[in-house]
Each structure stands twice: as structure tokens, then as C-alpha cells.
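Under this note's numbering, the residues of the sequence shown are numbered 1 to 321, in order.
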Amino acid sequence: MKQRIIYGPVPSRRLGRSLGIDITGPEKTCNFDCVYCQLGCTDKKVSGPEDVCGVSTEEVVEGLKNHLKKVKQLDYITFSGTGEPTLNLALGEMIREVRKISNVPICVITNSSLVSRKDVRDNLAQADLVVATLEAGDEKTFKAINRPVSGIMLDDIIHGLKALKGTGPRLEIEVLLVDSKKDYPTNISDRAVDELVQAVKFINPDVVEVFTVSRPPAEDFIIPVSQQRLTEIAQKFDDALGREMVRLVFKGLRRKITGIKHGNMRDEVYDLILRRPCTVDQISSALEIDAKDLAGIIDGLLGKNEIVEITAEDGKYYRAV
Ligand code: SF4
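Right, dumping it as C-alpha cells:
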């Protein structure tokens with residue numbers, strides 16, 4: 001199935017109702033191979049933007065114009081998807097062009113890997129909101145959890161995020177905490193948490209969000225952190241940064257009825273699953289598709305082996321093959 005650049009709206013606990021723009025496709029394109037990645041393992045890590053043949057600004061504008069005719073009442077337009085958006089160096093130009101055709105706030109979700117580069121920070125500075133992930137405050141934990149391509153150093157990322165703060169967009173740091181079924185390094189030991197808290201304090205973002213795995217991870221030995229440990233860790237962030245800066249997320253999506261005009265529902269469902277494994281309820285809520293219609297679409301995609309069913313601790317998810 002041909003991949004489209006614009007997808008969703010995606011149900012997002014942080015962004016509400018967000019229309020996604022995927023600028024690195026067609027396959028997962030990333031310089032990390034995170035143990036918790038909801039897209040599965042990174043088969044081939046790219047070393048930098050120079051390795052990526054992403055989509056063009058013209059393709060983004062054309063795709064978005066078509067989508068905006070069908071989807072109303074968006075909370076955000078978000079650059080994210082099947083890889084790391086900062087790997088496409090046209091990102092800044094794309095954001096400027098999107099602003100010419102829409103007043104919806106623009107977010108970029110990044111793995112932070114390239115923020116030590118000034119050209120990448122200049123691109124990110126065009127957004128209204130940058131959501132940057134940071135799962136470690138020490139190199140050893142960083143390498144274990146994010147499994148970056150060689151040459152990416154955590155210290156450069158931390159200083160890059162510090163330099164990004166104050167360049168324009170609101171900066172939110174997303175801290176995903178993981179536990180493990182086996183003896184594998186995680187970011188929830190007292191030592192790892194202390195390093196992480198110090199790193200976030202140094203960056204001084206507008207908000208830090210602390211949460212755990214809620215979708216099937218790339219590695220099956222990765223499991224969600226207990227509610228009790230999450231609360232203890234959030235308390236450490238509260239103590240260091242001030243409670244008003246820290247959000248602790250257990251679960252939950254905001255829901256809003258907006259009346260989407262559907263085109264090809266099958267493609268819309270596939271595009272959503274491709275970027276984010278979802279349950280039937282999540283798809284139904286995001287795309288406003290009746291459960292009966294959705295069951296037929298899911299069966300069709302399963303029958304053609306375009307998606308697979310994965311059983312997680314909190315239910316059945318569908319992920320693209
Ligand atoms: S979670 Fe994000 S940064 Fe990590 S491997 Fe997946 S796409 Fe890349």
C-alpha cells in the first residue's frame with residue numbers, strides 16, 4: 001500500500017487531536033533503536049540527515065491542503081511518524097509553508113538526537129511546541145535504552161536541548177520510563193533517575209512529562225513501570241524542578257467529536273496504525289469510525305497481512321507489518 005505523508009487525526013494524550021505529517025518515510029527511518037519503540041526494531045539505522053531521502057516541502061503542502069478540507073477542529077499539526085523528523089533538513093521550511101495555509105499550532109516530536117546541530121535547532125525553532133524525548137542522564141543508560149547509531153553522545157544532546165530552550169518554541173521534555181523482565185539496564189534505578197533529574201534540571205524545559213510504556217514495545221522484555229515507582233520518580237522531579245513543571249501521566253486520551261469527512265476509510269485506518277499501534281477503541285475514537293465498519297476494515301487488513309494483532313498487558317493492539 002502506498003504511504004501517504006499526512007495521517008490521522010491521531011489521538012494524543014498531550015496534543016489532543018493532532019494531524020500528523022510524516023516527512024521521513026516510506027519506512028521507519030531513525031538513528032535510534034529504542035527498546036520501547038512502538039514501531040518495532042529499527043532494521044537499518046541511519047547515521048544522519050545526509051543518509052535520508054525524505055519527502056519534499058511541496059509534497060507536504062499539497063497533502064496538507066487536501067487533508068484540511070476534510071478534517072476540522074484540530075488542536076495541533078504534528079511532525080512525527082515513522083521516524084525522526086529532524087533527519088529531514090527541510091523541516092524548518094516546511095513549518096513556514098504550513099503556517100501559510102493553516103493557523104493550527106505546530107508541534108515537532110523529536111528524539112533529540114540531532115539538537116547539537118545548529119541547523120537542526122534552527123528548524124525546530126520554527127515550531128510552536130517541541131516535544132523532545134530524553135530517557136537517560138548518563139551515557140550507559142542512554143546507550144542501553146535508545147541504542148543510538150555510533151557517534152551520538154548524550155552530553156551533546158543535553159547541551160543541544162539547553163541551547164534550544166529560549167529560541168522560540170515551548171520545550172517539553174518527555175521522559176519515558178521502562179522496566180524489564182530480565183536483567184537489562186533500565187532508567188528507573190535510583191542512580192539512573194538521579195542522573196536524569198539533574199540533566200532535565202540543567203536543560204530547564206517548560207514542562208517535563210513522566211510516563212511509562214503503554215503500547216507494545218520493540219523488545220518483549222520491556223514492561224511498564226509500576227504506578228508506585230512512577231509516582232516516586234515523579235516526586236524526585238517535583239522536588240528538583242517544582243511541581244508545576246512536572247506532569248505524571250498514567251493513562252488516558254482526550255476525546256472530542258468533530259465530524260470527519262471520510263475519504264477511503266481503509267487507507268485512513270492503515271495510515272494511523274502505520275505510525276502508531278492502536279486498539280480498536282483508539283482507532284474508533286480518533287477517526288470516528290463506527291465499530292462495525294471498523295471490524296470489517298481490520299479483518300481486511302489482517303487478511304492481506306498488512307497489519308498484525310499484538311496482545312499487550314492492557315489489550316489487543318494492531319501494528320503495521
Ligand atoms: S521510539 Fe522514536 S526515536 Fe526511538 S527508535 Fe522509535 S522512532 Fe526512533
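Note that beta-carbon positions come from the ideal geometry of N, C-alpha and C, so glycine has one too.
- It is roughly 11 Å from the alpha-carbon of Glu-59 to the alpha-carbon of Asn-66.
- Between the beta-carbon of Ile-95 and that of Gln-126 there is about 4 Å, and that keeps the pair under the 8 Å contact cut.
- Annotation for Gly-303: the continuous alpha helix (DSSP H) segment containing it runs 291 to 303.
- When only Cα atoms are considered, Lys-162 and Ile-203 end up about 4 Å apart.
- Between Arg-147 and Val-35 a beta carbon distance of about 7 Å is seen, short of the 8 Å cut, so the two are scored as contacting.
- If one requires a minimum length of 3 residues, the beta strand (DSSP E) runs lying completely within the region 2 to 35 are 6 to 12 and 16 to 21, in chain order.
- For Val-308, the uninterrupted beta strand (DSSP E) segment begins and ends at 307 to 312.
- When C-beta atoms of the region 95 to 106 are compared with those of the region 148 to 168, fewer than three pairs fall below 8 Å, so the two segments do not count as touching.
- When the alpha-carbon of Val-175 is set against those of Leu-134, Gly-315 and Thr-186, the nearest one is in Leu-134.
- Assigned with DSSP and collapsed to three states, Val-104 falls in coil, not helix or strand.
- Cβ contact annotation for Val-61 (same chain, cutoff 6 Å, sequence separation greater than five): Glu-97, in chain order.
- A check of alpha carbon separations from Val-46 across Gln-227, Ser-113 and Asp-290 identifies Ser-113 as the nearest.
- At least one heavy atom of ligand 1 falls within 8 Å of the beta-carbon of Thr-133.
- Beta-bridge partners assigned by DSSP to Leu-177: Thr-212.
- Contact check for Arg-275 against Val-10 passes: the beta carbons are separated by less than 9 Å.
- In the structure shown, Phe-142 adopts helical secondary structure according to DSSP, grouped into three states.
- Close CB contacts of Ile-101 within its chain, under the 8 Å cut and outside five residues either way in sequence, are with Val-61, Leu-64, Lys-65 and Leu-68 (chain order).
- For Thr-86, the three-state secondary structure derived from DSSP is helix.
- Here Asn-103 is exposed: its Cβ has fewer than 16 other Cβ atoms, across all protein chains shown, within 10 Å.
- In the three-state scheme derived from DSSP, where H, G and I count as helix and E and B as strand, Arg-243 is classed as helix.
- In the DSSP assignment, the residues bridged to Val-130 are Val-108 and Leu-171.
- For Tyr-76, the uninterrupted beta strand (DSSP E) segment begins and ends at 76 to 79.
- Contact between Gly-300 and Arg-266 holds, with the beta-carbon distance rounding to 7 Å and staying under 8 Å.
- Ligand 1 has no heavy atom closer than 8 Å to the beta-carbon of Lys-44.
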